[in-house]
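Colleague: Residue 45 is where the sequence shown starts when you use this note's numbering, and the numbers rise one by one after that.
Cβ atoms here follow ideal geometry from the backbone N, Cα and C, with glycine treated the same way.
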Amino acid sequence: MDSTGSPTEREPSARPPKRRVIIGLLGSTLDSGVSEDRWSRWRPTVSIGQHEELLVDRLEILHEQRHTRIARLVADDLHTVSPETEVRLHATETADPWDFEEVFATLLDFCSSYPFDLDEEEYLVHITTGTHVAQICLFLLAESRHLPARLLQTSPPARRGKGSKDIIGTYHVIDLDLSRYDRLAMRFAEEQREGLDFLKAGIATRNETFNRRMEELERVAIASTAPILLAGPTGAGKTQLARRIYDLKKQRGEVVGPFVELNCATLRGDAAMSALFGHRRGAFTGAIADRPGLLRAADGGILFLDEIGELGLDEQAMLLRAIEERRFLPVGSDKEEHSEFQLIAGSNRDLRKRVREGGFREDLLARIDLWTFELPGLADRREDIEPNLDFELEMRTRRTGRKVTMNREARDRFLRFAMAGTSSWPGNFRDLNAAIVRMSTLATGGRIRKEEVDEELSRLERQWGPAGERGADAVTEILGPSAAAKLDRFDRIQLEDVLGVCRMSRSLSEAGRILFAESQSRRSSRNDSDRLRKYLSRFGIDGGAVVGRSGSY
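(1) In the structure shown, what three-state DSSP assignment does tyrosine 579 receive?
(2) Considering glutamine 507, what are the terminal residues of the alpha helix (DSSP H) in which it resides?
(3) Identify every residue that forms a DSSP beta bridge with isoleucine 67.
(4) Which of helix, strand or coil does DSSP assign to valine 590?
(5) Given threonine 618, which residues of its chain have a CB within under 6 Å of its CB, disregarding the five upstream and five downstream residues?
(6) If you count every other CB in all the chains shown that lies within 10 Å of the CB of asparagine 251, and 16 or more means buried, which is it?
(7) Should valine 125 and valine 100 be called a contact, given that it needs their Cβ atoms to be closer than 8 Å?
(8) Quick one: Cα of glutamine 179 to Cα of proline 141, how far?
(9) Label threonine 488 either buried or exposed according to how many other C-beta atoms from any shown protein chain fall within 10 Å of its C-beta, with 16 as the threshold for buried.
(10) Only counting the same chain, and skipping five residues up and downstream in sequence, which positions put a Cβ closer than 6 Å to that of proline 302?
(11) Thinking just about the alpha-carbon of each residue, which of Ala316, Arg324 and Leu339 is nearest to the one in valine 304?
(12) Under 7 Å Cβ to Cβ from glycine 239, same chain only, skipping five residues before and after it: list those, please.
(13) Nearest to aspartate 541 by CA position, among Phe560, Lys530 and Gly524, is which residue?
(14) Using the rule of at least 16 other Cβ atoms within 10 Å of the residue's Cβ for burial, across every protein chain shown, is arginine 92 buried or exposed?
(15) If you pair each beta-carbon of the stretch 430 to 449 with each one of the stretch 379 to 398, do three or more pairs fall below 8 Å?
(16) Could you please give me the residues that DSSP links to valine 545 through a beta bridge?
(17) Measure the beta-carbon distance from phenylalanine 458 to serine 467 and round it to whole angstroms, keeping in mind my assumption that it falls under 8 Å.
(18) Can you give the Cα-Cα distance for leucine 523 and alanine 270, rounded to whole angstroms?
(19) Taking the alpha-carbon positions, what's the glutamine 109 to threonine 283 distance?
(20) To test your reading of the DSSP string, which unbroken beta strand (DSSP E) runs of 3 or more residues are found completely within the stretch 339 to 424?
(21) Using the beta-carbon count (16 or more within 10 Å), is asparagine 571 buried or exposed?
(22) Is it buried or exposed, serine 84, if we count other Cβ atoms within 10 angstroms and call 16 or more buried?
(23) Count Cβ pairs between the stretch 160 to 174 and the stretch 193 to 203 that sit closer than 8 Å; are there 3 or more?
(24) What residue range does the beta strand (DSSP E) around valine 30 cover?
(25) Is the beta carbon of glycine 421 sitting closer than 8 Å to the one on alanine 280?
(26) Is it right to say arginine 405 is buried, meaning 16 or more other beta carbons lie within 10 angstroms of its own, or is it exposed?
(27) What residue range is occupied by the uninterrupted beta strand (DSSP E) comprising glutamine 94?
(28) On the three-state DSSP scale, how would you describe phenylalanine 560?
(29) What's the C-alpha gap between threonine 73 and leucine 106?
(30) Applying the criterion that 16 or more other CB atoms from any shown protein chain within 10 Å of the CB defines a buried residue, is lysine 244 buried or exposed?
(31) Exposed or buried, isoleucine 332, counting other C-beta atoms within 10 Å across all chains shown (16 or more means buried)?
(32) Rounded to whole angstroms, what's the CA-CA distance from alanine 316 to proline 374? Just pull it up for me.
(33) Just how far apart, CA to CA, sit leucine 306 and alanine 589?
(34) So, under 8 Å CB-CB, aspartate 81 and valine 118 are touching, yes? Tell me the CB distance rounded to an integer number of Å.
(35) Kindly identify the DSSP beta-bridge partner or partners of isoleucine 218.
(36) If you draw a straight line from the C-alpha of serine 268 to the C-alpha of valine 177, how long is it?
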């Protein structure tokens with residue numbers, strides 16, 4: 045009742061703390077001892093009961109049958125130092141305590157039959173005692189949650205002078221949720237950033253969709269040995285990416301074998317079978333010696349099959365079995381070969397369409413389609429052209445041994461053309477690489493000038509065909525088909541180029557600086573963003589709505 049005599053609302057009573065239960069193995073050597081001298085040295089299991097701040101309600105000790113006497117003495121000593129702790133002994137029997145399979149099975153049986161009560165009790169597993177095999181097994185059981193416990197690690201005193209009575213040592217409780225440890229989380233994040241940067245060859249790509257795909261691929265490459273399918277147009281970088289996946293896995297110790305590569309479009313019939321699976325001498329005309337085949341060569345490593353959609357149906361059937369069973373028959377042999385390889389497949393064709401047409405096995409597609417990563421073409425990643433331009437210039441410098449650069453005028457001219465919506469880049473990064481090679485070869489002293497750029501752009505326009513034939517998707521998307529059709533061809537091509545620059549720029553000011561670079565030096569006032577905004581408004585386009593919109597149309 046309160047001070048007025050009125051009844052008060054009864055407050056709920058606090059929930060009592062959970063009972064603490066520790067599960068551990070008897071240390072047949074460290075915990076042993078029958079004389080009074082045992083109290084003068086550190087014993088890991090007994091020390092659990094000697095820490096005043098580590099309150100233990102129950103201690104479960106697993107021991108081998110032949111160590112029952114030691115276990116009972118340890119239980120008695122624990123009762124002496126911690127009378128409130130209940131000690132239970134569990135006798136187990138393993139023929140070989142160093143046999144991993146037998147020890148794991150024994151401990152798994154214990155966990156499976158133990159009456160865990162997570163609502164009322166919390167569990168710790170003591171990993172200091174027992175053989176190394178047993179400690180590893182306990183760790184794995186805790187990690188898999190068969191043993192729903194945190195880890196308890198006890199350690200002897202760091203320093204003990206003569207006559208010291210410090211025999212308790214220290215203890216640490218470890219949670220296997222590593223995300224709770226800031227320093228570890230930071231290291232993992234840094235390691236992931238390094239792996240991602242490695243997959244992207246150090247290129248600071250700006251396309252958000254591409255970057256998200258590379259982040260996922262980095263995690264898959266490290267964690268999985270399942271097949272990976274890299275899809276995308278020719279020249280999108282599938283082969284280079286497959287090599288970087290291999291190098292990343294090699295760096296992390298995930299593979300020990302080689303990187304083996306084959307373009308399936310180059311092979312047919314017996315040649316395809318022989319290249320993939322090998323053959324025995326005399327298997328067919330021209331087979332004058334045994335050949336191991338690429339699957340055998342890729343044992344322990346990665347097999348990259350580019351344009352896998354070009355494989356014949358017979359080869360597909362044998363490849364499926366090799367992926368699933370790691371076994372295959374060389375041509376002309378009745379003895380199976382074995383190979384542990386990871387498959388990375390590349391394709392510029394729609395494999396689902398190939399399945400509907402009868403040209404690709406549905407079961408093989410289902411097997412290699414677990415992890416599929418679509419690589420967009422260069423025209424769909426226009427904001428990545430500039431960092432890739434810098435990358436290609438640097439690579440050219442390394443290959444030729446002389447510095448290759450572009451002056452400002454040449455760079456701006458090339459980027460305006462490259463990022464325009466009318467530039468189709470049908471060969472994707474191969475076209476970009478070829479353009480850099482040609483310009484740098486013709487450049488005097490390795491410095492690419494506007495003259496080399498103009499010549500190269502004329503070459504690309506002739507190679508790709510008229511701009512009208514390459515399409516003007518941005519204009520149609522922004523204005524709609526009806527309004528776009530009413531534009532003069534001159535206005536449409538110019539507007540397409542402007543929108544192409546806007547979509548890769550972070551602001552109207554940045555887009556204006558690129559578009560009006562030639563006339564900037566001749567003007568005292570340089571309000572490029574206002575000039576651009578007025579130009580776009582002629583077509584009813586809000587400039588703020590189109591900048592930084594790469595990939596959205």
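Modeller: Taking the structure as given:
(1) For this step, residue 579 is matched to residue 535 along the sequence shown. In this structure, tyrosine 579 counts as helix in the three-state DSSP scheme.
(2) On the sequence shown, residue 507 is found 463 positions in, with the first residue counted as 1. Glutamine 507 -> alpha helix (DSSP H) spans 494 to 508.
(3) As a position in the sequence shown, residue 67 is number 23, starting the count at 1. Glu104 and Val169, per the DSSP bridge assignment.
(4) For the purposes of this step, residue 590 is taken as residue 546 along the sequence shown, with counting starting at 1. Reduced to three states, the DSSP call for valine 590 is helix.
(5) Lying outside 45 to 597, the shown extent of the chain, residue 618 is not represented and no answer is given.
(6) The residue labelled residue 251 in the question sits at position 207 within the sequence shown. Buried, by the Cβ-count rule.
(7) Looking up residue 125 in the sequence shown gives position 81. Looking up residue 100 in the sequence shown gives position 56. In this structure, valine 100 does not lie closer than 8 Å to valine 125 by Cβ.
(8) Counted from its first residue, the sequence shown places residue 179 at position 135. Counted from its first residue, the sequence shown places residue 141 at position 97. So the alpha carbons of these two residues sit roughly 11 Å apart.
(9) Taking the sequence shown and counting its residues from 1, the one referred to as residue 488 is at position 444. Exposed, since its Cβ has fewer than 16 Cβ neighbours within 10 Å.
(10) One-based indexing of the sequence shown puts residue 302 at position 258. These residues qualify, in order along the chain: Gly345.
(11) If you number the sequence shown from 1, residue 304 lands on position 260. When only C-alpha atoms are compared, the closest one is Leu339.
(12) Counting from one through the sequence shown, the residue named residue 239 turns up at place 195. Glu262, Ile266 and Leu292, listed in sequence order.
(13) Locating residue 541 in the sequence shown gives position 497, where the first residue counts as 1. Selected option, being the one with the closest Cα: Phe560.
(14) Numbered from 1 along the sequence shown, position 48 holds the residue referred to as residue 92. According to the sequence as given, residue 92 is isoleucine; it is not arginine. Isoleucine 92 comes out buried.
(15) no
(16) Start at 1 with the first residue of the sequence shown, and residue 545 comes out as number 501. BP columns for valine 545 are empty, so no partner.
(17) Along the sequence shown, read from residue 1 onward, the residue named residue 458 stands at position 414. Along the sequence shown, read from residue 1 onward, the residue named residue 467 stands at position 423. Rounded, the Cβ-Cβ distance is 10 Å, inconsistent with contact.
(18) Position 479 of the sequence shown, counted from the first residue, corresponds to residue 523. Position 226 of the sequence shown, counted from the first residue, corresponds to residue 270. Those two C-alpha atoms are separated by around 45 Å.
(19) Indexing the sequence shown from 1 puts residue 109 at position 65. Indexing the sequence shown from 1 puts residue 283 at position 239. Roughly 59 Å separates the two Cα atoms.
(20) Given a length threshold of 3 residues, each whole run of the beta strand (DSSP E) inside the stretch 339 to 424 is given here in chain order: 346 to 350, 386 to 391 and 415 to 418.
(21) The sequence position of residue 571 within the sequence shown is 527, counting from 1. Asparagine 571 is exposed by the Cβ-count criterion.
(22) Counted from its first residue, the sequence shown places residue 84 at position 40. So serine 84 counts as exposed.
(23) A contact exists between the stretch 160 to 174 and the stretch 193 to 203.
(24) Residue 30 is absent from the structure shown; the chain starts at 45 and stops at 597.
(25) Locating residue 421 in the sequence shown gives position 377, counting from the first residue. Locating residue 280 in the sequence shown gives position 236, counting from the first residue. It is a contact, given that the beta carbons lie within the stated cut-off.
(26) By 1-based counting over the sequence shown, the position of residue 405 is 361. So arginine 405 ends up on the buried side.
(27) Your numbering for residue 94 matches position 50 in the sequence shown. Counting along the chain, glutamine 94 falls outside any beta strand (DSSP E), and DSSP gives it neither H nor E.
(28) If you number the sequence shown from 1, residue 560 lands on position 516. In this structure, phenylalanine 560 counts as coil in the three-state DSSP scheme.
(29) For the purposes of this step, residue 73 is taken as residue 29 along the sequence shown, with counting starting at 1. For the purposes of this step, residue 106 is taken as residue 62 along the sequence shown, with counting starting at 1. Answer to the nearest angstrom: the Cα atoms are 14 Å apart.
(30) For the purposes of this step, residue 244 is taken as the residue at position 200 of the sequence shown. Looking at its Cβ environment, which holds 16 or more other Cβ atoms inside 10 Å, lysine 244 is buried.
(31) As a working note, residue 332 is residue 288 in the sequence shown. The residue is exposed, with fewer than 16 neighbouring Cβ atoms inside 10 Å.
(32) Walking along the sequence shown from the start, residue 316 turns up at place 272. Walking along the sequence shown from the start, residue 374 turns up at place 330. Whole-angstrom Cα-Cα distance: 12 Å.
(33) Walking along the sequence shown from the start, residue 306 turns up at place 262. Walking along the sequence shown from the start, residue 589 turns up at place 545. Between leucine 306 and alanine 589, the C-alpha separation is close to 46 Å.
(34) Translated into the one-based positions of the sequence shown, residue 81 becomes position 37. Translated into the one-based positions of the sequence shown, residue 118 becomes position 74. Between valine 118 and aspartate 81 the Cβ distance is about 15 Å, and since that is not below 8 Å, they are no contact.
(35) Position 174 of the sequence shown, counted from the first residue, corresponds to residue 218. Leu195, per the DSSP bridge assignment.
(36) For the purposes of this step, residue 268 is identified with residue 224 of the sequence shown, where counting begins at 1. For the purposes of this step, residue 177 is identified with residue 133 of the sequence shown, where counting begins at 1. So the two alpha carbons sit approximately 26 Å from each other.
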